[in-house]
Structure formats: structure tokens, C-alpha cells
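Residue numbers (the numbering used here): 28 to 354.
All residues carry an ideal CB built from backbone N, CA and C; glycine is no exception.
It should be emphasised that the depicted structure is a prediction, and the values quoted were computed from it without experimental measurement.
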């Protein structure tokens, strides 16, 4: 009996000595990475727990709940989102579903130069990852080439100190009173002089001054000034009001009708042009007691109708009508 006890004690001491020696060798060999190596040798229960989180994460449609599941998964690995410094990986994960989402998560570890955990290793297709990295590298090269060929506008380091407003009003045509022409006034605002109406030549002259004049205007205003100089350089009228011809009106609407550049003098709201087609439809209107008047109404693309007294008709080729603030 005594020999058996002594033998069991010797066996336990031998096992303890081997375990201590193994831990000592790990610490001496790997140094500070010894604790990390111990953490990577996960138990089956820890791997199964993380697999359950990933199973819920890959099929979760709610972005907030998916984010909480991912944070829980990172916490199990003693990681956080700060360990993945890239800024575009979360939209990629949300856009993917099922197996593709787990594949994107595995690629996230590979992009951060981390070994995917055991439960993510089957989803880390190295060949596909290499193909995706090569395609992204080509896209970055194309963007850099486009930025070199077409550089972006310089960023204003100071708040713009000048601005330009284009105010429009329908003006009856002298030859055809039932038709209108678009009269335009350009309001130039400077802090010292305030807002003043300038002629076309005054606006064109801004491009011939010193280079610092461009820095005083917002980029959108300066783009309009350059376009005005290129298209109306040969026009010699020096009036404060610029009356557009039929062709010029169509040119202006096509270029600026989808922006807020052209403002109405009546309500200061932008005039719009989207290429929509309106239709004149016959209409019987009750003019008084037992009297009917035959007239027309303008049928708008949205299904509404507008009475003709509230519509301004412009050019004849092509015919344009201004109903409200929309051409």
C-alpha cells in the first residue's frame, strides 16, 4: 500500500514537472508572445461559442444588432474595432449576407495582417483574396491616374467673400406681346459695397483681373462666370438686364435648369427645367350665368392642370412654357 502511494506521488510530481517545464520553455522561447500563443490554443467550448455568434451575425438583417454581435465576437478574441483601422470594412460586411459576410470578415483579418481564428479559417479563401486585392489595387491606380489627369478644384482656405446671384423674370416680347423672353440680372455681392446689379461686361471682366479674384468666389459661382465668359464673350450690350433669345434660353436651361443657379425674381426660388413635356387640352369654362367659354388648359406631367393666365409662353422653336417655377 505504501509503495502504491509513493508511486502515485512520483507520477504526479513527474507530470507537474513536465507541465512547468513546458510553460517555462514557452515563456523563454516566445517571450511576450507566450500569452498570445496560449490564447490562440482555444478550447472546443470557446470555439463553439464564437461559432454560435458568427452564425447569428451572418444572418442578422438589422445593422445595429449585427454591430453588437460583431463587438461581442471581437471581445471573445480580446480584440476591438480599433485593431482594424480601415474605414470601409463595415459597409462591406453589411452589404454581404450569409457565407459572403463571413468571407468578408475573414478578409478583414487578412487585410489587417492577422491570422483568422479557427472558426473563420474555412471561409478565408486565399486565392479569392489575392484576386480581390489585385482588383482593388488596379482601381486605386485608375483613381490616382484620373486625379492626375483631371485634378480637383483647389480647396478654399478662407470663407468666400463675394457671391453672384442670377435673377430671372419673364418679360413680354416687343414684337409678339403674347410671348415672353427671359430677362436676367446678375447681382454681385461684396462685403464692402453690398449687392449691386452688374452688366454682362462687368462679370466677364472679372476673369481678366488678378488671379486672387477667383479665390473670393465659391467654386460654383466661378464656374458660372467662366461659362458666361466663354459663351457670351462676343456680346457687346452693356445693359444691366440681359434679354435672352430663343436659342440662348434653351442653352441656359439645358446647362443650368437642373441646378439652383437661375432664381425667380418673384419668389427667389430656382427655375427648373427637366425636359418634361406639357400638353394643351381643351376646356369649357363657365363664364357667368348660362354662358360657357371655350378655352385651353396646360396639362402638366405630374397630372395637374394649370390655367393659361398663370402660364408664360416663350420661344416658338422649340416652344417653352413656364408654369410656376418649372419650364
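Residues bridged to residue 339 by DSSP?
-> Beta-bridge partners of residue 339 (DSSP): 349.
What number of angstroms, rounded off, separates the C-alpha of residue 352 from the C-alpha of residue 298?
-> 5 Å
DSSP on residue 72, reduced to helix/strand/coil?
-> The answer is helix: DSSP assigns residue 72 an H, G or I state.
Please go through the same chain and pick out, in chain order, the residues whose beta-carbon is closer than 8 Å to the beta-carbon of residue 355, but skip the five residues on each side of it.
-> There is no way to answer for residue 355, as the model of the chain reaches only from 28 to 354.
Host beta strand (DSSP E) of residue 291 (start-end) = Note, residue 291: beta strand (DSSP E), 289-291.
For residue 330, which of 307, 312, 341, 313 has the nearest alpha-carbon?
-> 307
Rounded to whole angstroms, how far is the Cβ of residue 208 from the Cβ of residue 270, which I believe are closer than 8 Å?
-> 5 Å
Where does residue 203 fall in DSSP's three states?
-> coil
In DSSP terms, what residue 309 is bridged to | 323
For residue 222: DSSP bridge partner residues = 216
Using a threshold of 7 Å, state whether the C-beta atoms of residue 188 and residue 218 are closer than that.
-> yes
For residue 194, which beta-bridge partners are listed by DSSP?
-> 212, 290
What residue does the beta strand (DSSP E) around residue 333 start on, and which one ends it?
-> 332-334
Hey, how far is the Cα of residue 284 from the Cα of residue 268?
-> 19 Å
From this set, 163, 121, 100, 241, which residue's C-alpha is nearest residue 144's C-alpha?
-> 100
Can you check DSSP and say which residues form a bridge with residue 270?
-> Answer is 210.
Do you know how far the Cα of residue 277 is from the Cα of residue 321?
-> 32 Å
For residue 299, which residues does DSSP report across the bridge?
-> 353
Opposing strand residues paired with residue 102 [DSSP bridges] | According to DSSP, residue 102 bridges with nothing at all.
Give me the Cβ distance between residue 130 and residue 152, rounded to the nearest whole Å; I'm assuming they're in contact under 8 Å.
-> Between residue 130 and residue 152 the beta-carbon gap is near 7 Å, inside 8 Å, which marks them as a contact.
Looking at the structure shown, is residue 173 part of a helix, part of a strand, or coil, going by DSSP?
-> helix
Under 7 Å, do residue 213 and residue 225 count as touching if we go by C-beta distance?
-> Taking the C-beta atoms as reference points, residue 225 is found nearer than 7 Å to residue 213.
Sub-7 Å separation of residue 84 and residue 96 beta-carbons | yes
Hey, could you find the ends of the alpha helix (DSSP H) residue 146 is sitting in?
-> Here residue 146 belongs to no alpha helix (DSSP H), and DSSP marks it neither H nor E.
Among 346, 233, 126, 261, which residue has its Cα nearest to the Cα of residue 248?
-> 233
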